[in-house]
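To keep things clear, I will list the structure first and then write my remarks on it.
2 protein chains.
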Amino acid sequence: MAKRILPENLIKFCVEIFVKAGLSTDDACTVADVLVMTDTWGTFSHGTVAILNYVQAIKSGSIDPAGKPRLAGEGPSWAVIDANAGMGMPACCMAMNLAIEKARKQTFAWAGVRNSSHFGAAGYYANMAVKHDMIGIAMSNADPNMVVPGARGHVIGNNPIAYAVPAGKEQPIFLDIALSAVAAGKIFAAKALGHEIPATWITDADGLPTSDPTNWPATGSMTPMAGHKGYGIALLIEVLAGALTGAGILSEVKSWKLHPGEKAYLGQSFLVINPAAILPLDDFKQHIDSAIQELHNAPKAKGSDRIYVPGELEWERREDALRNGIPLPELSFTALYQAGEELGVDTRLLD
Amino acid sequence: MAKRILPENLIKFCVEIFVKAGLSTDDACTVADVLVMTDTWGTFSHGTVAILNYVQAIKSGSIDPAGKPRLAGEGPSWAVIDANAGMGMPACCMAMNLAIEKARKQTFAWAGVRNSSHFGAAGYYANMAVKHDMIGIAMSNADPNMVVPGARGHVIGNNPIAYAVPAGKEQPIFLDIALSAVAAGKIFAAKALGHEIPATWITDADGLPTSDPTNWPATGSMTPMAGHKGYGIALLIEVLAGALTGAGILSEVKSWKLHPGEKAYLGQSFLVINPAAILPLDDFKQHIDSAIQELHNAPKAKGSDRIYVPGELEWERREDALRNGIPLPELSFTALYQAGEELGVDTRLLD
Numbered sequence: 026m027a028k029r030i031l032p033e034n035l036i037k038f039c040v041e042i043f044v045k046a047g048l049s050t051d052d053a054c055t056v057a058d059v060l061v062m063t064d065t066w067g068t069f070s071h072g073t074v075a076i077l078n079y080v081q082a083i084k085s086g087s088i089d090p091a092g093k094p095r096l097a098g099e100g101p102s103w104a105v106i107d108a109n110a111g112m113g114m115p116a117c118c119m120a121m122n123l124a125i126e127k128a129r130k131q132t133f134a135w136a137g138v139r140n141s142s143h144f145g146a147a148g149y150y151a152n153m154a155v156k157h158d159m160i161g162i163a164m165s166n167a168d169p170n171m172v173v174p175g176a177r178g179h180v181i182g183n184n185p186i187a188y189a190v191p192a193g194k195e196q197p198i199f200l201d202i203a204l205s206a207v208a209a210g211k212i213f214a215a216k217a218l219g220h221e222i223p224a225t226w227i228t229d230a231d232g233l234p235t236s237d238p239t240n241w242p243a244t245g246s247m248t249p250m251a252g253h254k255g256y257g258i259a260l261l262i263e264v265l266a267g268a269l270t271g272a273g274i275l276s277e278v279k280s281w282k283l284h285p286g287e288k289a290y291l292g293q294s295f296l297v298i299n300p301a302a303i304l305p306l307d308d309f310k311q312h313i314d315s316a317i318q319e320l321h322n323a324p325k326a327k328g329s330d331r332i333y334v335p336g337e338l339e340w341e342r343r344e345d346a347l348r349n350g351i352p353l354p355e356l357s358f359t360a361l362y363q364a365g366e367e368l369g370v371d372t373r374l375l376d
Numbered sequence: 026m027a028k029r030i031l032p033e034n035l036i037k038f039c040v041e042i043f044v045k046a047g048l049s050t051d052d053a054c055t056v057a058d059v060l061v062m063t064d065t066w067g068t069f070s071h072g073t074v075a076i077l078n079y080v081q082a083i084k085s086g087s088i089d090p091a092g093k094p095r096l097a098g099e100g101p102s103w104a105v106i107d108a109n110a111g112m113g114m115p116a117c118c119m120a121m122n123l124a125i126e127k128a129r130k131q132t133f134a135w136a137g138v139r140n141s142s143h144f145g146a147a148g149y150y151a152n153m154a155v156k157h158d159m160i161g162i163a164m165s166n167a168d169p170n171m172v173v174p175g176a177r178g179h180v181i182g183n184n185p186i187a188y189a190v191p192a193g194k195e196q197p198i199f200l201d202i203a204l205s206a207v208a209a210g211k212i213f214a215a216k217a218l219g220h221e222i223p224a225t226w227i228t229d230a231d232g233l234p235t236s237d238p239t240n241w242p243a244t245g246s247m248t249p250m251a252g253h254k255g256y257g258i259a260l261l262i263e264v265l266a267g268a269l270t271g272a273g274i275l276s277e278v279k280s281w282k283l284h285p286g287e288k289a290y291l292g293q294s295f296l297v298i299n300p301a302a303i304l305p306l307d308d309f310k311q312h313i314d315s316a317i318q319e320l321h322n323a324p325k326a327k328g329s330d331r332i333y334v335p336g337e338l339e340w341e342r343r344e345d346a347l348r349n350g351i352p353l354p355e356l357s358f359t360a361l362y363q364a365g366e367e368l369g370v371d372t373r374l375l376d
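Residue numbers (the numbering used here), protein chains in the order written: chain A, 26 to 376; chain B, 26 to 376.
See below:
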């Protein structure tokens, strides 16, 4: 059985790490909340396992731990935040809160972030809107890590997108995906074990399909989900999170691993919709509930006893994590202990 | 060499057909423009080939040819149109025009359509915004024709989404996709020829993958692109085009083929963004141009001599069609001649 850790202890530990790394206590609390919420969903790839990446990006100068987000422009239904190369989470929470506030009056509101860094899991921000009975859509571009049809190498990011929709009696609908055919973590795992992978996951140095992950990601690149469709949606996110905010796009976005010391110039994009301004909120929520129930009650495939609505698994895992602790994988614990040692933070909270 | 027809002749013919079918001349012109524009892009599956489907839906009572779209609600940055079960195109053009007008003042604006019918190709509406230097995003739900993970049969529509982004010297970026792994037309074509298909396109009566299209679509169903990711995005479109507009969602949406005579209760959703309100328009357009050029200039895969940006192929085909006529496939001509005969419209315009 996996070792479990209480969310409040994990948050405390992460706050201490980020304060030691140079963040204000407020910013450290925001970052810790994003990462630990993500772990409670079981989305471990985007939770505290990345703590060392953030710390190293701060050390290398890619992220300015004291960089404070600043309102760079706004109108009644939009805002652009300059993250000043600080951590992505405080700037993105500020953006999402602004968009929620504006959507209350304007029904549709948008906030973008430029000069930003990695924001953790997109789903965190989408769900901020749901607490206010609004629909949230969150997007970010990413440093190029994906090929496009006809090309070889890293051309575009596997730009993440998440959305969350308030329901009535049911849990919110909630999806958080990246646009590569599979998550990089799966390819790293196969590579570490010396396994072959399906020939649809990556291309080789020539840009051709390969089942051999040995040389990835040095040469070759991840493929977009659904080919030209995933490529096209990734490009839309470059436009909305990059071009529209004045952030970097495509190769202007730098990787904290490949370009240590360089600012990321990432961009994020948050759209908030207030359904209560358009139709009675209860009607809307009941319609969402009935859609969820229709999906649950659809005829099952042979061998299947359940149909999941997006987010359902995450809410179940979160309920379990809040009650029994988060079953963090060993990889996460290893990163956390190492971060504690590097920054001189007492690791007993992790035991 | 394919027989070609001049766009203006095809428009004239389609207008006559739809007027005979009971539409006002204005509405007939709108419908013809949508279908013929789509044919000029080479997206023949959503162009005039469907003319008989529309005519039959009018005859069966699914579509009211005299149904006039009506503004059902609005705010400074949003509007909802009731299509009154008329043709989808006039209602959707009205919605998109309203959203463009509102985005000019509000930067972000949205218009939805409920009680609607098939709207043709989503890309038509997205591109309406580009003419005003704005970004357009168009979505529609569809009658259930796709399975979801764990289920069997038709559970959700392969809901289309399109976007278009203005560029500077380059052509607008423009993507129009449906969320099934492949277009239904490809499966019908394989079925007609008695060919096997890849086992990733559809499921069988048990909800399991099959390479035999014989019993589809009576039993079995199309699979979502990228599995749970395509399912999740399709559900987002149900929310934005269905629930938010007060249209039908999931099984509330009726098929003109499976439920002749029943109203479709489709919903559409249009988002317009005015970049000029956020940053200097020339800066934005130059950034889009440089992204397009970076994509064009990316290293090519072995055997590839060109990388396409979404929409590039469509604009090239359109330029050729405007100059030399549209190389309509035989299937489209057959449908057009048949519509002419059924409705007593002179088919010499097609010769």
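C-beta atoms are modelled at their ideal positions from N, C-alpha and C, and glycine is treated no differently.
CB contact check: residue i to chain B, cutoff 7 Å
{"i": "D231 of chain A", "result": "yes"}
{"i": "V56 of chain A", "result": "no"}
{"i": "S246 of chain A", "result": "no"}
{"i": "Y188 of chain A", "result": "yes"}
{"i": "P324 of chain A", "result": "yes"}
{"i": "P335 of chain A", "result": "yes"}
{"i": "S357 of chain A", "result": "no"}
{"i": "G100 of chain A", "result": "yes"}
{"i": "L375 of chain A", "result": "no"}
{"i": "A316 of chain A", "result": "yes"}
Distance CB(residue i)-CB(residue j) smaller than 7 Å
{"i": "A192 of chain B", "j": "D307 of chain B", "result": "no"}
{"i": "F295 of chain B", "j": "M121 of chain B", "result": "yes"}
{"i": "I262 of chain A", "j": "N184 of chain A", "result": "yes"}
{"i": "S236 of chain B", "j": "G178 of chain B", "result": "no"}
{"i": "L204 of chain A", "j": "G255 of chain A", "result": "yes"}
{"i": "K279 of chain B", "j": "A266 of chain B", "result": "no"}
{"i": "S329 of chain B", "j": "Q131 of chain A", "result": "no"}
{"i": "L356 of chain A", "j": "L375 of chain A", "result": "no"}
{"i": "Y149 of chain A", "j": "M250 of chain A", "result": "no"}
{"i": "L200 of chain B", "j": "G182 of chain A", "result": "no"}
{"i": "P335 of chain A", "j": "I198 of chain A", "result": "yes"}
{"i": "V297 of chain B", "j": "I83 of chain B", "result": "no"}
{"i": "I42 of chain A", "j": "A364 of chain A", "result": "yes"}
{"i": "I332 of chain A", "j": "A104 of chain B", "result": "no"}
{"i": "P90 of chain A", "j": "L48 of chain A", "result": "yes"}
{"i": "R342 of chain B", "j": "G67 of chain B", "result": "yes"}
{"i": "F69 of chain B", "j": "P352 of chain B", "result": "no"}
{"i": "K325 of chain A", "j": "L233 of chain B", "result": "no"}
Cβ separation of residue i and residue j, assumed to be a contact under 8 Å, to the nearest whole Å
{"i": "L60 of chain A", "j": "G145 of chain A", "result": "6 Å"}
{"i": "T225 of chain A", "j": "T248 of chain A", "result": "6 Å"}
Min CB distance residue i to chain A below 7 Å
{"i": "G257 of chain B", "result": "yes"}
{"i": "G193 of chain B", "result": "no"}
{"i": "V180 of chain B", "result": "yes"}
{"i": "E319 of chain B", "result": "yes"}
{"i": "F69 of chain B", "result": "no"}
{"i": "L35 of chain B", "result": "no"}
{"i": "S329 of chain B", "result": "yes"}
Residue from the options whose Cα sits closest to the Cα of residue i
{"i": "N299 of chain B", "options": "A:G86, A:W135, A:T68, A:S85", "result": "A:W135"}
{"i": "V138 of chain A", "options": "A:M164, A:G257, A:A82", "result": "A:M164"}
{"i": "V377 of chain B", "options": "A:S280, A:T228, A:H312", "result": "Lying outside 26 to 376, the shown extent of chain B, residue 377 of chain B is not represented and no answer is given."}
{"i": "K93 of chain B", "options": "B:V80, B:K84, B:N109", "result": "B:N109"}
{"i": "A57 of chain B", "options": "B:T73, B:G336, B:G252, B:G369", "result": "B:T73"}
{"i": "A301 of chain B", "options": "B:V155, B:R29, B:G148", "result": "B:V155"}
{"i": "M112 of chain A", "options": "A:S142, A:D371, A:G182, A:Y150", "result": "A:S142"}
{"i": "D51 of chain A", "options": "A:C118, A:L35, A:P305, A:D345", "result": "A:C118"}
{"i": "E99 of chain A", "options": "B:F309, B:K327, B:I303", "result": "B:I303"}
{"i": "K194 of chain A", "options": "A:L31, A:G273, A:K211, A:K310", "result": "A:K310"}
{"i": "H284 of chain A", "options": "A:L347, A:Q81, A:M171", "result": "A:Q81"}
{"i": "E366 of chain B", "options": "B:N34, B:I76, B:L260, B:N240", "result": "B:I76"}
Below-7 Å beta-carbon distance, residue i vs any chain D residue
{"i": "R177 of chain B", "result": "Of the protein chains in this structure, namely A and B, none is chain D."}
The region 103 to 134 of chain A: positions lying closer than 8 Å to chain B by Cβ: W103, V105, Q131, T132, F133, A134
Members of the region 140 to 157 of chain A near chain B, C-beta cut-off 9 Å: none
Residues in the region 260 to 272 of chain B having any Cβ partner in chain A nearer than 9 Å: L260, L261, E263, V264, L265, G267, A268, L269, T270, G271
Interface positions of the region 274 to 285 of chain A facing chain B (Cβ-Cβ less than 7 Å), listed along the chain: I274, L275, S276
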